[in-house]
Amino acid sequence: MLKWSINIQTILAGMSIGLFVYYVIKRMRYRLPPGPWCIPLIGHYKSPQTWVVLNDINSVLEAMVTKKTDFAGRPQITSGDVFTEGGKDITLANYSASWKLHRKIVGKALRNYLQGDLLENMIQDNMNKFLDKMAEEKGPFVFKEYMDLIIFHQLYTICFGEKRPVDDPEVKRFIKLDNDLLEKFGSGFFEDVFPYLRHIFTTAKWKKMLVLTEEVLNILRKNLKEHKETFQPGVNRDFTDSMLIAKQEAKDEGDEAALEILDDTHLVQTISNIFIAGADTTRFLIDWFVYFMTRFPETQAKCQEEIDRVVGSKQLSMKDRGNLDYTEACIFETMRISNSVGFGIPHMTVCDSQVGGYDVPKGTTVLINYWALHHDPKQWKDPEQFDPHRFLDENGKMKPTKPDSWLPFSVGRRVCLGESLAKSDILLICANLLQRFEISLPEGVKPNLECHMKGFGMEMPPDYNIVVKERSG
């Protein structure tokens, strides 16, 4: 018995020494960026993996533009792998030839569907029914609830071609599921830090995430199934049809690589990306915009004066965008100051690389600190002040180029696929809102300046009510 105990102790001691030597050799091999002290082998509370945070624009541009392929990967996080059914999406899937093809097909499908005046008409129809409902409010109400409905109804139309009733239960359920999932993912999982332990036991939070994930995916699977049953080649009703058309073309051409990423699982995950990525950042950003309009009524009035001068009482059009400079500058400034992006989605190095003269080994998780970029006093004068004029020239027109440090849609290989769609969408929603209503806080209520975290480093404005008053004309 004594001999057996000695052998166990010897093995454990040998393993510990071996791991420590490996840790030391790794540290000596690479000139890693400076960071907080950690316990050897164990690391920080987040995990024993190597993480690098890019806090200045020079580091970000070197990594994401100059060496964009090196930093194009995604860390394979257990919870993300569950939600994406093994990385079958675009947002969280790792960088590869199939990922590039997948992204290319999705980009083409979006362009093929959202061409001409289709997007504009879709946004206007959707906005009008919710603006009418807002006009019925007789007192203070929570704007965020309307914003959730506006965005998710719009995405249902884009993805499934459906104009659902204002109080549609499936849309409301999807919003609830998305909010619950964001809360769960935002605060992280024990199972992500110690993935192998989930085979022994799992936390209640993890089990809840599995249930929520399956319910979201089942809603999307149901809608995809209905589309496949009614699909007619050459008839493009919506984004899902665009993807089915791409699949039909791949079949006709015998393109096995494309067919592999156009199976039902990939299609569901692609639609999920449109919903989740398309909804969250947009609705949070507009929630911030309205919050700032209530805090700065003189800014709101200036936007409305511009809208009245350019548009008058007629319906807004995409063609008006080039003349709504001040309103768009307010939106861009909201993107800068609000930190509604947080740290974004983590990147991962696909090979050994360098940034700023420091080594970044293969497999390192890399975060972009968008808050630091958007509040860097070296790049922005008075960065804590809400000032739309920083995006305007001396004639009040939008500057043709944006500061390098303004990156609300990221940059490089992983730049937001829906950037142009989002910019048009946000401007039309915000301008429609200000064209019709004067927006204010309830009488006697002072602005609450305390933000709260939503997850992934995203800051949200405090919960607030608004009062709307229809404008004359």
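The letter at position 360 of the sequence shown is residue 360 when you use the numbering used here, and the numbering goes up by one with no holes. All C-beta atoms, glycine included, are put in the ideal place defined by N, C-alpha and C. Note that the structure is a prediction, hence the values are computed from the model and not measured.
Spatial neighbours of residue i in its chain, beta-carbon cut-off 8 Å, leaving aside the 5 residues before and after
i: Thr270; result: Asp89, Ile90, His102, Val106 and Met243
i: Gln154; result: Met122, Ile123, Asn126 and Asp425
i: Gly396; result: Asp325 and Tyr326
i: Thr213; result: Val82, Phe83 and Leu181
i: Val355; result: Pro33, Val52, Leu54, Ser59, Glu62, Ala63 and Lys67
i: Asp320; result: Val310, Val311 and Ala431
i: Leu262; result: Ile105, Met243, Ala246, Lys247 and Ala250
i: Trp380; result: Arg336, His374, Arg390, Pro403 and Ser405
Opposing strand residues paired with residue i [DSSP bridges]
i: Lys100; result: BP columns for Lys100 are empty, so no partner.
i: Val142; result: Asn465
i: Ser340; result: Answer is none; Ser340 lacks a bridge partner.
i: Ser440; result: Val467
i: Asp359; result: Gln354
i: Leu373; result: Paired residue(s): none; Leu373 is not in a bridge.
i: Val52; result: Val366
i: Leu392; result: Met398
i: Met134; result: Met134 pairs with nothing; no bridge assigned.
i: Gly186; result: DSSP, once it has assigned bridges, lists no residue as partnering Gly186.
Test: residue i CB closer than 7 Å to a CB of chain B
i: Asp393; result: Although the question refers to chain B, the structure presented lacks it and comprises just one protein chain.
C-beta contact flag for residue i and residue j at 7 Å
i: Val468; j: Phe437; result: yes
i: Val60; j: Pro33; result: no
i: Val415; j: Tyr370; result: no
i: Ala431; j: Thr282; result: no
i: Ala72; j: Arg413; result: yes
i: Phe391; j: Ala329; result: yes
i: Pro447; j: Pro140; result: no
i: Phe185; j: Thr203; result: no
i: Ile358; j: Arg31; result: At residue 358 the sequence reads Tyr, which differs from the Ile that was named. Yes, the pair counts as a contact, with Cβ atoms nearer than the cut-off.
i: Ile466; j: Phe143; result: yes
i: Ile439; j: Met318; result: no
i: Gly278; j: Gly418; result: yes
CA nearest to the CA of residue i, picked from the options
i: Asn218; options: Asp280, Leu177 and Gly188; result: Leu177
i: Phe284; options: Gly444, Leu114 and Ile429; result: Ile429
i: Lys378; options: Gln49, Ile57 and Arg31; result: Ile57
i: Ser420; options: Glu120, Lys68, Val193 and Tyr30; result: Glu120
i: Cys303; options: Gly356, Leu434, Val211 and Val360; result: Leu434
i: Pro474; options: Trp99, Glu215, Glu305 and Thr327; result: Because the chain spans 1 through 473 in this model, residue 474 falls outside it and cannot be assessed.
i: Ser187; options: Ile175, Lys205 and Pro195; result: Lys205
i: Leu114; options: Phe143, Gly86 and Cys159; result: Cys159
i: Asn273; options: Lys381, Thr69, Gly87 and Thr50; result: Gly87
i: Glu256; options: Glu459, Ser98, Arg321 and Glu137; result: Ser98
i: Asp70; options: Ser313, Lys207 and Val360; result: Val360
i: Lys208; options: Leu220, Glu229, Glu183 and Thr157; result: Glu183
i: Asp117; options: Glu260, Leu316, Val211 and Phe343; result: Leu316
i: Asp241; options: Asn223, Ala258 and Ile276; result: Asn223
i: Gln49; options: Phe386, Gln385 and Thr365; result: Thr365
7 Å CB neighbourhood of residue i in its chain, flanking five on each side removed
i: Glu470; result: Ala135, Arg436 and Phe437
i: Pro461; result: Asp287, Trp288, Tyr291 and Cys451
i: Ile77; result: Asp192
i: Glu215; result: Leu177
i: Arg221; result: Val268
i: Trp4; result: For Trp4, the pLDDT reaches just 44, beneath the cut-off of 50, and the residue's location in the model is therefore unreliable, although a value from the coordinates is still provided. Excluding residues within five positions, none has a Cβ falling inside 7 Å.
Residues of its chain near residue i, where Cβ-Cβ distance is below 6 Å and the 5 sequence neighbours each way are ignored
i: Tyr464; result: none
i: Ser323; result: Per the sequence presented here, residue 323 reads as Asn, with Ser not at that position. Once the five neighbours on either side are set aside, the close Cβ partners of Asn323 are Val310.
i: Leu92; result: Arg74, Gly80 and Thr84
i: Ser472; result: none
i: Ile175; result: Asp148 and Phe152
i: Tyr95; result: Ala72, Gly73 and Val350
i: Gly161; result: Arg237 and Asp238
i: Phe332; result: Phe391
i: Leu2; result: Any answer about Leu2 is weak, because its pLDDT of 44 lies below 50 and its placement is not dependable; what the coordinates show is given next. Answer for Leu2: no residue qualifies.
Residue i beta carbon near the ligand COA (any heavy atom closer than 6 Å)
i: Ile466; result: No copy of the ligand COA appears in this structure; indeed no ligand is present at all.
Do three or more CB pairs link the segment 347-358 to the segment 60-68 at distances below 8 Å?
-> yes
Inter-stretch contact (C-beta, 8 Å, three-pair minimum) for the segment 331-338 and the segment 374-394 | yes
Using 8 Å as the threshold, is the segment 255-272 in touch with the segment 121-137, meaning 3 or more CB pairs across them?
-> Verdict: no, contact absent.
Do the segment 239-254 and the segment 289-306 touch if we need at least three Cβ pairs shorter than 8 Å?
-> no
Could you tell me whether the segment 137-147 touches the segment 163-173, where touching means 3 or more Cβ pairs closer than 8 Å?
-> no
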